[in-house]
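The end of the sequence shown is residue 128 by the working numbering, with every number in the run present.
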Amino acid sequence: EEVWQDLSAGRLDAQLSDSLQAYEGFLALDAGKDFDFLGGAIDDVECQGVGAGFAVRKEDSALRDALSQTILDIRADGSYKAMNDQYFAVDIYGN
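Printed below as a string of structure tokens:
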């Protein structure tokens, strides 16, 4: 991506990006070895929207509710963190 090239070349001092995209697409690569995250996570609906989600058919409210409850359950019991940490260097769920 051009923004990573601009950072590497010194044409940019910083860049605002999704943490997973920034880590996997740049920071984890050799080209990103001299760069790191700065500051904390930004949770701003006006800037980033309301978050990520998944789509189910409108008539599948039971499936939607089951998926939502499962996410809440695995976040509460620590399963999510264990799976996330196994595969990713950043929290892909966020706040």
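Idealized CB from N, CA, C, for every residue including glycine.
Alpha carbon to alpha carbon, what distance is there between TRP37 and PHE70? If you number the sequence shown from 1, residue 70 lands on position 37. If you number the sequence shown from 1, residue 37 lands on position 4. Each residue's Cα considered, the two are about 13 Å apart.
In this structure, how does DSSP classify GLU50 when only helix, strand and coil are distinguished? Mapped onto the sequence shown, residue 50 falls at position 17. In the sequence as displayed, the identity of residue 50 is Ser instead of Glu. Three-state DSSP puts SER50 in coil, outside helix and strand.
Same chain only: Cβ atoms within 8 Å of LEU45, ignoring 5 sequence neighbours per side: Within the sequence shown, numbered from 1, the residue matching residue 45 stands at position 12. If you ignore the 5 residues before and after LEU45, its C-beta comes within less than 8 Å of the C-beta of VAL36 and ASP39, all in its own chain and listed in chain order.
Rounded C-alpha distance that separates ILE107 from TYR113: Reading the sequence shown from its first residue, position 74 is the one you call residue 107. Reading the sequence shown from its first residue, position 80 is the one you call residue 113. Cα to Cα, ILE107 sits roughly 5 Å from TYR113.
Do SER52 and ALA85 count as a contact pair if the criterion is CB distance below 9 Å? Position 52 of the sequence shown, counting from 1, holds the residue named residue 85. Position 19 of the sequence shown, counting from 1, holds the residue named residue 52. Contact flag unset, no.
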